[in-house]
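Participant: In the numbering used here, the protein residues as written are 119 to 597. Cβ coordinates follow ideal geometry from the N, Cα and C atoms, glycine included. Handing you this structure, nothing more for now.
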Amino acid sequence: MYLGLDLGTSGLKGVIVDDAQCLVAEATAPLQVSRPHTGWSEQNPQDWIDAAKAVLGVLRSKADFKRIAGIGLSGQMHGATLLDAADTVLRPSILWNDTRASSEAADLDADPRFREITGNIVFAGFTAPKLVWASRHEPETFYRVAKVLLPKDYLRLWLTGEHVAEMSDAAGTSWLDTGARNWSDALLDATEMTRAQMPRLVEGSEISGYLRASLSDELGLPRNLPIAGGGGDNAATAIGMGVVRAGDAFVSLGTSGVLFAACDSYAPAPQTAVHTFAHALAGCWHQMGVILAATDALNWFGRLAEQSASALAEALGPLQAPGKTCFLPYLGGERTPLNDTAIRGAFVGLEHATDKEAATRAVLEGVTFALRDCRDALAATGTEPGSLIASGGGARSAYWLEAIATALNTPVLVPQSGDFGAAFGAARLGLMAATGAGAELVGKPPMEREIHPNPALSAAFDEAFDHFKATQAAMRGLT
119 MYLGLDLGTS GLKGVIVDDA QCLVAEATAP LQVSRPHTGW SEQNPQDWID AAKAVLGVLR
179 SKADFKRIAG IGLSGQMHGA TLLDAADTVL RPSILWNDTR ASSEAADLDA DPRFREITGN
239 IVFAGFTAPK LVWASRHEPE TFYRVAKVLL PKDYLRLWLT GEHVAEMSDA AGTSWLDTGA
299 RNWSDALLDA TEMTRAQMPR LVEGSEISGY LRASLSDELG LPRNLPIAGG GGDNAATAIG
359 MGVVRAGDAF VSLGTSGVLF AACDSYAPAP QTAVHTFAHA LAGCWHQMGV ILAATDALNW
419 FGRLAEQSAS ALAEALGPLQ APGKTCFLPY LGGERTPLND TAIRGAFVGL EHATDKEAAT
479 RAVLEGVTFA LRDCRDALAA TGTEPGSLIA SGGGARSAYW LEAIATALNT PVLVPQSGDF
539 GAAFGAARLG LMAATGAGAE LVGKPPMERE IHPNPALSAA FDEAFDHFKA TQAAMRGLT
């Protein structure tokens, strides 16, 4: 059997699959985000370890740990976990959705080497600008940094005692030469960092280290258990979904929203604000359009309406044409295609007739139109997927998926019941590392149904998208 651990923002999930890739057991543990100042988003890395121990404790009660032959890791990207020479955490980890380093990101992005070497804009949420921020605002911490680890790689340090990262996650740091799949000394030097402060790099399906003997005994796992490189959360989800070949794509409705397309070559287009990263398999890359609030936006509205996000979505009937109310989902800025940390969300066009259901539809439509922005950005690079596999908690809403299919004019494929997300993808990478298998075992999940665009509503969604773009442009001048 094979274990996958996915360190998310709101929780850590673990799954165990057998050698036929069938789910044997799963467990989750919640995580909280600290926001001590406006724009800040942090977590205590010890909380990740505690969550992992809780998840492993539950899984141990459900499956025979002695049969586990490999472990894979996945996790939220971009987080800056700063360690001293004794591997002591120096401060809370600065997460992917933290925007404090906006000016530092702009400074780095003004240096043409960053886009040329990484293939990407330097976004405020990426890792490198956070270290520049630390050098300016917390120099006593910065000059003690011996290693910088991404969140899942801190879990790896706990498991193996090794400082290791893999290509898909490293691509989101602004320090990786993405085409060469290696750290860039020039970019490290530009941020007063060195290669010695970086973890060793492996591919996602390679062995990164072995479970520490003391932890093996504590957890009841076999000794010398191989730990795969793993993948950033979206790359690992792609492994779980079988999105590894050019033309394959998925749409993820998680805390953030992602339009992800696999590529068989490196073709960056940073001017579009599309992310071009290494994939979790050697010789593969991928492109992503990323929005910062997907289910996060619906959860926010649910708190206002004092109703759960799922209840709000389930109360909607058949897909309707968008109404007068327009919602911008920019609760904490936006990445693709705006690269704007200052823009904020809004309801526009509220009227007496705007009830809870109409506002809910507007929220779903706003996220959908932000994903259409991503679709257009991908299309500008020549990437136009013929269909999208649905992923994430928001994919449980048939209304939302039909809205996406209609607004993007792209069929959406819904997998059969089962979790084929990042934790499953991590388990697959653990299987590959343990057995030496390759991409041949990364198949797509069986599909339950295909949701086609609704031709009767296509024109209405096109018109509403034009209104969304006009509202977006106006709001950028107000926030």
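1) Where TRP293 and ALA246 are concerned, what is the direct C-alpha to C-alpha distance, given to the nearest angstrom?
2) How far does the beta strand (DSSP E) with ARG313 in it reach, from first residue to last?
3) Helix or strand or just coil, what does DSSP make of MET565?
4) If I follow the unbroken beta strand (DSSP E) through ALA144, where does it start and stop?
5) As an exercise, report each continuous beta strand (DSSP E) stretch of at least 3 residues that is fully enclosed by the segment 547-593, in chain order.
6) Measuring CB atoms only, is the segment 153-166 touching the segment 214-224, in the sense that at least three cross pairs come out at less than 8 Å?
7) With DSSP run on the structure shown, which of helix, strand or coil describes PHE419?
8) Going straight from the alpha carbon of ALA224 to that of ARG462, what length do you get?
9) Give the range of the alpha helix (DSSP H) segment to which GLU234 is assigned.
10) With DSSP as the reference, label LEU446 as helix, strand or coil.
11) Which residues in the same chain as TRP158 place their Cβ atom closer than 6 Å to its Cβ, once the five residues preceding and following it in sequence are excluded?
12) Which whole-angstrom value is the C-beta distance of ALA367 and ALA385, which I expect to be below 8 Å?
13) Check each candidate in ARG233, THR291, THR312 and ILE345 and name the one with the smallest Cα separation from GLY279.
14) Per DSSP, which one or two residues make a beta bridge with ALA346?
15) Would you mind sorting ALA508 into buried or exposed? The rule is 16 or more other CB atoms within 10 Å of its CB.
16) For VAL176, I'd like the list of residues in its chain whose CB is within less than 7 Å of its CB, leaving aside the five on either flank, ordered along the chain.
17) The alpha helix (DSSP H) spanning TRP251 covers which residue range?
18) What residue from LEU422, ALA412 and GLY297 has the CA that sits closest to GLY510's CA?
19) Can you tell me whether ALA488 is buried or exposed? The criterion is at least 16 other CB atoms within 10 Å of its CB, across all chains shown.
20) When you compare the CB positions of PHE579 and THR499, do they come within less than 8 Å of one another, or not?
21) Tell me, please, which residues DSSP counts as bridged to CYS381.
22) Skipping 5 residues on each side, what residues in its chain have a beta carbon closer than 7 Å to that of ILE522?
23) Sort GLU160, LEU226 and TYR120 by Cα distance to LYS184 and report the nearest one.
24) Nearest CA to the CA of LEU273: which residue from LEU482, GLY358 and ARG330?
25) Quick one: what does DSSP say ILE409 is sitting in, helix, strand or coil?
26) Can you round the beta-carbon distance between ALA480 and PHE465 to whole angstroms, since I take them to be within the 8 Å contact cut?
27) For ARG546, does the count of other Cβ atoms within 10 angstroms reach 16, so buried, or fall short, so exposed?
28) With a threshold of 16 other CB atoms inside 10 Å of the CB of GLU310, please say whether the residue is buried or exposed.
29) Is the CB-CB distance between ALA283 and LEU319 below 8 Å?
30) Which value, in whole angstroms, describes the spacing of the CA atoms of GLY193 and ALA471?
31) By Cβ distance below 8 Å, which residues in the same chain neighbour GLN425 in space, the five residues on each side in sequence not counted?
32) Nearest-angstrom Cα distance between LEU449 and ARG341?
33) Decide if PRO447 is buried, meaning its Cβ has at least 16 other Cβ atoms within 10 Å, or exposed.
34) Hey, out of ILE409, ASP168, ARG363 and THR459, whose CA is closest to LEU337's CA?
35) Under the rule that 16 or more other beta-carbon atoms within 10 Å means buried, what is MET316, buried or exposed?
36) Going by DSSP in three states, VAL135 sits in which element: helix, strand or coil?
Facilitator: Here's the rundown:
1) Position 175 of the sequence shown, counted from the first residue, corresponds to residue 293. Position 128 of the sequence shown, counted from the first residue, corresponds to residue 246. The straight-line gap from Cα to Cα measures roughly 7 Å.
2) Your numbering for residue 313 matches position 195 in the sequence shown. Segment: none, ARG313 is in no beta strand (DSSP E) and carries neither H nor E.
3) Taking the sequence shown and counting its residues from 1, the one referred to as residue 565 is at position 447. Three-state result, MET565: strand.
4) The residue you call residue 144 lines up with position 26 of the sequence shown. What sits at residue 144 in the sequence shown is Glu, not Ala. Unbroken beta strand (DSSP E) run through GLU144: 141-148.
5) List check, beta strand (DSSP E) in window: 565-569.
6) yes
7) Here the question's residue 419 lines up with position 301 in the sequence shown. Three-state DSSP puts PHE419 in a helix.
8) By one-based count along the sequence shown, residue 224 stands at place 106. By one-based count along the sequence shown, residue 462 stands at place 344. When rounded, the distance between both Cα atoms is 19 Å.
9) Counted from its first residue, the sequence shown places residue 234 at position 116. From DSSP, the alpha helix (DSSP H) with GLU234 extends over 230-236.
10) Counting from one through the sequence shown, the residue named residue 446 turns up at place 328. DSSP places LEU446 in strand when its eight states are reduced to three.
11) In the sequence shown, residue 158 corresponds to position 40, counting from 1. Here the set comprises ASP216 and ARG218.
12) Here residue 367 refers to the residue found at position 249 of the sequence shown. Here residue 385 refers to the residue found at position 267 of the sequence shown. The Cβ separation is near 15 Å, so there is no contact.
13) Within the sequence shown, the letter at position 161 stands for residue 279. That would be ILE345, whose Cα lies nearest to the Cα of GLY279.
14) Here the question's residue 346 lines up with position 228 in the sequence shown. Looking at the DSSP assignment, ALA346 forms a beta bridge with ILE325.
15) Here residue 508 corresponds to residue number 390 of the sequence shown, with the count starting at 1. It counts as buried.
16) Here residue 176 corresponds to residue number 58 of the sequence shown, with the count starting at 1. For VAL176, where only same-chain residues beyond five positions count, the Cβ hits under 7 Å are ALA145.
17) Sequence index remark: in the sequence shown, residue 251 carries index 133 (1-based). Note, TRP251: alpha helix (DSSP H), 245-255.
18) By 1-based counting over the sequence shown, the position of residue 510 is 392. Cα-wise, what sits closest to GLY510 is ALA412.
19) The residue labelled residue 488 in the question sits at position 370 within the sequence shown. Buried: at least 16 other Cβ atoms inside 10 Å.
20) To locate residue 579, count along the sequence shown from 1; it is residue 461. To locate residue 499, count along the sequence shown from 1; it is residue 381. No, Cβ-Cβ distance for PHE579 and THR499 is not below 8 Å.
21) Residue mapping note: residue 381 aligns to position 263 of the sequence shown, counting from 1. For CYS381, the pairing in a beta bridge is given by DSSP as TRP403.
22) Counted from its first residue, the sequence shown places residue 522 at position 404. Only VAL369, THR486, LEU489 and VAL530 meet the Cβ criterion.
23) Walking along the sequence shown from the start, residue 184 turns up at place 66. From the listed residues GLU160, LEU226 and TYR120, the smallest Cα separation to LYS184 is found for TYR120.
24) Stepping through the sequence shown from its first residue, residue 273 is reached at position 155. The option with the nearest alpha carbon to LEU273 is ARG330.
25) As a position in the sequence shown, residue 409 is number 291, starting the count at 1. Looking at ILE409 - three-state DSSP - the assignment turns out to be strand.
26) As a working note, residue 480 is residue 362 in the sequence shown. As a working note, residue 465 is residue 347 in the sequence shown. Rounded, the Cβ-Cβ distance is 7 Å, consistent with contact.
27) Counting from 1 along the sequence shown, the entry for residue 546 is found at position 428. ARG546 comes out buried.
28) Translated into positions along the sequence shown, residue 310 becomes position 192. It counts as exposed.
29) Locating residue 283 in the sequence shown gives position 165, where the first residue counts as 1. Locating residue 319 in the sequence shown gives position 201, where the first residue counts as 1. Cβ distance < 8 Å, so ALA283 and LEU319 count as in contact.
30) In the sequence shown, the residue the question calls residue 193 occupies position 75. In the sequence shown, the residue the question calls residue 471 occupies position 353. Cα to Cα, the separation comes out at about 42 Å.
31) The residue you call residue 425 lines up with position 307 of the sequence shown. For GLN425, where only same-chain residues beyond five positions count, the Cβ hits under 8 Å are LYS474.
32) In the sequence shown, residue 449 corresponds to position 331, counting from 1. In the sequence shown, residue 341 corresponds to position 223, counting from 1. Note on geometry: alpha-carbon atoms of LEU449 and ARG341 lie some 46 Å from one another.
33) To locate residue 447, count along the sequence shown from 1; it is residue 329. PRO447 is buried by the Cβ-count criterion.
34) Walking along the sequence shown from the start, residue 337 turns up at place 219. With distances taken between Cα atoms, LEU337 lies closest to ASP168.
35) Residue numbering aside, residue 316 sits at position 198 when the sequence shown is read from its first letter. Buried is the call here.
36) Translated into the one-based positions of the sequence shown, residue 135 becomes position 17. DSSP places VAL135 in strand when its eight states are reduced to three.
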